[in-house]
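Participant: Add 25 to a position in the sequence shown, counting from 1, and you land on the number used in this note's numbering. Submitted below is the structure of interest, expressed as structure tokens.
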Amino acid sequence: MQEKSFEKNLSHGSEPKKQEHDEKDKEKERQKMEAYLERFEEKAQRIDSMRLNKAHKKREIPPVQLDEKKEADITQEVVDSKQHLDACHAEGFGISPSGNPEDSFYHTMWSRDLAHAGGNFYTREKPQALIDSLGTVFSYQKDDGSLPYRVERKRFLLEHTTKALFGFDLNILKKIGIDPITRKKDRPVYEGQDGGNAEDTIPSIVVTLGELFLSSKEGRQFVANHFEQVQSAMENFMQRTDPQDGLEISKKSNPDWADSLNRGNKKIGTINIWYARALRMMVLITEGLGKSEEAQAYRKKHEKVQKGVLEKLYDKDGHYFRTGEGEDRVDATASVFGCLYMLSAEEGALVQDTMRNRLTTNAGLKNFDPPYPKNKIYPILRLIGMGGYHNECVWPWVTAQNIQAKIKIALEHPQDDVRERFKKEAVEDLAELASLFKEAGGAYEVFDPDTRQAAKLRTGFKKYKVPKNLMGNMAAFHSAHAQLKALGWIES
26 MQEKSFEKNL
36 SHGSEPKKQE
46 HDEKDKEKER
56 QKMEAYLERF
66 EEKAQRIDSM
76 RLNKAHKKRE
86 IPPVQLDEKK
96 EADITQEVVD
106 SKQHLDACHA
116 EGFGISPSGN
126 PEDSFYHTMW
136 SRDLAHAGGN
146 FYTREKPQAL
156 IDSLGTVFSY
166 QKDDGSLPYR
176 VERKRFLLEH
186 TTKALFGFDL
196 NILKKIGIDP
206 ITRKKDRPVY
216 EGQDGGNAED
226 TIPSIVVTLG
236 ELFLSSKEGR
246 QFVANHFEQV
256 QSAMENFMQR
266 TDPQDGLEIS
276 KKSNPDWADS
286 LNRGNKKIGT
296 INIWYARALR
306 MMVLITEGLG
316 KSEEAQAYRK
326 KHEKVQKGVL
336 EKLYDKDGHY
346 FRTGEGEDRV
356 DATASVFGCL
366 YMLSAEEGAL
376 VQDTMRNRLT
386 TNAGLKNFDP
396 PYPKNKIYPI
406 LRLIGMGGYH
416 NECVWPWVTA
426 QNIQAKIKIA
436 LEHPQDDVRE
446 RFKKEAVEDL
456 AELASLFKEA
466 GGAYEVFDPD
476 TRQAAKLRTG
486 FKKYKVPKNL
496 MGNMAAFHSA
506 HAQLKALGWI
516 ES
């Protein structure tokens, strides 16, 4: 009894000391992390503003003159889109593609969409909305590192399919006390579930994590707190890559954002460009956290993947990024992000010429040239009349994102006349998008390439009503406007 009592007393006496020691270790680690983050803050700000500062120091560039109507359209769209983007955020949950409760995409958070909109708008204007979103995504990470491509607060497929096929909104049943749509608990949806594959989820998320890390102290702290989870996600994705060139080999037929098309089972342009960018962001993140060995490893991987993309997914003679390895089809999205992330201004200008000649429509850039043949369209979507969804329709966010590529060329090209041309094109493209949205009555998800109106896709018994103000379109527009405004190239 005495021996046991002595052991008990000894244990109780040592426990506070152990806890005190642990607390001191934690405090030292916290102070060390804060020191890294504070040192990185200045570096991050330099990276973020380097291009703009370079432009201002080299030369004074007068704004592009627009008529009063175009100026007014831009000003109004900036105000309207800001309101809609704010509505896309549900506090404590995240950002959805639509802030309109009547849309199927309301309260359905898509990792890819939040990632692109996050980098374009929320990191700058509302970082907490992005932190909420990423917190939700990582709360559902699996043990193998995989992340959900969607988290929904309602039965998305039931609501969306019923509306698309029959034109019937099940939410009307709420009036009689029946709610078949709202879930009692949020549901994560993973690759291979609900007909979606979304192999681009992890690269997209890591790219926006990098943007968040570079943009704010809160963002850097969030990434630091979730660093092991981020690493786990990257390791999961790397299992899909070819050890020879580092490129991801898609395992599914519809692997990326253009999921109405069976264009996978190969090395895809968009996914690998985003993967290369994700690796670059991991270099910056690990450097910022003082993890030099990890930074060096990610740097080597980035160099390898970027080399692989330029060798196998970039057509050096035709000046465009391919849809996939071995294909001769121009991919607008891959070409836009390739210009932004990989090419010099000189080469980027040549890619822009290719896109201008092959992808331009009355409503902006189409996605592919040539379009995919009918046998590449997802069978069910072709059957119900949505075959043109990605294959023919214009998605305005692609055109808006391309404005940023034109800004890069306008700042960095060595020839004065080329810089001036792309500066003017960037401003005029923004004005054209503002006019497009005003004429149609909203920043619709997809547009008819000829009529400049919201696309009318027949699905089942009625025409599918596309979301009126898509988050991705508005966020990319806002980002382009913010850059042009900061440069002084636009007055509105």
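Where is the CB? At the ideal position from N, CA and C, for every residue including glycine.
1) With a Cβ-Cβ cutoff of 8 angstroms, do residue 394 and residue 428 count as a contact?
2) If you count every other CB in all the chains shown that lies within 10 Å of the CB of residue 197, and 16 or more means buried, which is it?
3) Per DSSP, what kind of secondary structure is residue 176 in: helix, strand or coil?
4) Just the Cα atoms here: how many angstroms apart are residue 367 and residue 331?
5) Suppose the cutoff is 6 angstroms on Cβ atoms and the five residues either side in sequence are ignored; what does the same chain contact list for residue 170 look like?
6) If you compare alpha carbons, which of 418, 124 and 242 is closest to residue 476?
7) Grouping DSSP H, G and I as helix and E and B as strand, with all else coil, what is residue 472?
8) Tell me the rounded alpha-carbon separation between residue 73 and residue 510.
9) Taking the DSSP output, what are the residues bridged to residue 491?
10) So if DSSP puts residue 339 in a beta bridge, which residue, or which two residues, is it bridged to?
11) Using alpha carbons as the reference points, say which of 399, 406, 410 and 505 lies closest to residue 422.
12) Along the chain, where does the beta strand (DSSP E) containing residue 213 start, and where does it finish?
13) Using 10 angstroms around the beta-carbon of residue 235, count the other beta-carbons present and answer buried if the total reaches 16, otherwise exposed.
14) Start and end of the alpha helix (DSSP H) containing residue 133?
15) Using alpha carbons as the reference points, say which of 227, 188 and 339 lies closest to residue 264.
16) In its own chain, which residues sit with a C-beta less than 8 angstroms from the C-beta of residue 243, not counting the 5 before and 5 after it?
17) Over the uninterrupted alpha helix (DSSP H) stretch that includes residue 158, give me the two end residues.
18) Assuming residue 310 and residue 273 are in contact, meaning their beta carbons sit under 8 angstroms apart, how far apart are those beta carbons, in whole angstroms?
19) Go to residue 463, then tell me how far its alpha helix (DSSP H) extends in each direction, as first and last residue.
20) Kindly list the residues whose CB is nearer than 7 angstroms to the CB of residue 71, restricted to its own chain and excluding five residues on each side of it in sequence; keep chain order.
21) Can you check the segment 247 to 282 for any beta strand (DSSP E) of at least 3 residues that lies completely inside it and give the ranges in chain order?
22) Which full runs of the alpha helix (DSSP H) of 4+ residues lie inside the segment 354 to 393, going along the chain?
23) What's the gap between the Cα of residue 357 and the Cα of residue 199?
24) Would you call the CB atoms of residue 281 and residue 293 closer than 8 angstroms?
25) According to DSSP, simplified to helix, strand and coil, what is residue 203?
26) Excluding the five sequence neighbours on either side, which residues of its own chain have a C-beta within less than 7 angstroms of the C-beta of residue 145, listed in chain order?
27) Taking the straight line between their C-alpha atoms, what separation do you get for residue 95 and residue 464?
28) So, residue 471 versus residue 420, is the Cβ gap smaller than 8 angstroms?
29) Leaving out five residues on either side along the sequence, give the residues of the same chain with a beta carbon under 7 angstroms from the beta carbon of residue 289.
30) Does the distance from the C-beta atom of residue 134 to that of residue 100 stay below 8 angstroms?
31) Looking at residue 365 and residue 430, is the spacing between their C-beta atoms short of 8 angstroms?
32) Within 10 Å of its beta-carbon, does residue 201 have 16 or more other beta-carbons around it, so buried, or fewer, so exposed?
33) In or out: residue 193 buried (at least 16 other Cβ within 10 Å) or exposed?
34) Take residue 302 and list the residues in its own chain whose beta-carbon comes closer than 6 angstroms to its own, dropping the five residues that flank it on each side.
35) Residue 112 lies in the alpha helix (DSSP H); which residues open and close that run?
36) Whole-angstrom Cβ separation of residue 376 and residue 414, contact assumed at under 8 angstroms?
Facilitator: By the coordinates alone:
1) no
2) exposed
3) strand
4) 7 angstroms
5) 257, 258, 260 and 261
6) Selected option, being the one with the closest Cα: 418.
7) strand
8) Its pLDDT being 45, under 50, residue 73 is placed unreliably in this model, and the value from its coordinates should be taken loosely. One C-alpha to the other measures close to 16 angstroms.
9) Bridge partners of residue 491: none, in fact.
10) For residue 339, which the question treats as bridged, DSSP gives the partners 346.
11) 505
12) Start and end: 207 to 214.
13) With 16 or more other Cβ atoms inside 10 Å of its own Cβ, residue 235 counts as buried.
14) No alpha helix (DSSP H) contains residue 133, which is instead part of the beta strand (DSSP E) from 133 to 135.
15) It is 227 whose Cα lies nearest to the Cα of residue 264.
16) The residues 152, 153 and 156, in chain order, have a CB closer than 8 angstroms to that of residue 243 in the same chain once the five nearest residues on each side in sequence are set aside.
17) Bounds of the alpha helix (DSSP H) holding residue 158 are 152 to 164.
18) In fact, because the Cβ distance is near 20 angstroms, the residues do not count as touching under 8 angstroms.
19) 441 to 465
20) Because residue 71 carries a pLDDT of 41, less than 50, the predicted location of this residue cannot be relied on, and the following value inherits that uncertainty. The answer is none, since no qualifying residue turns up.
21) As for any beta strand (DSSP E) of minimum length 3 sitting wholly inside the segment 247 to 282, there is none.
22) 357 to 366 and 370 to 384
23) 42 angstroms
24) yes
25) coil
26) 500, 501, 503 and 504
27) Approximately 12 angstroms, taken between the alpha carbons.
28) The answer is yes: Cβ separation under 8 angstroms.
29) 275, 277, 278, 279 and 280
30) no
31) yes
32) exposed
33) exposed
34) 232 and 366
35) 93 to 112
36) Actually they do not touch by this definition, with Cβ atoms about 25 angstroms apart.
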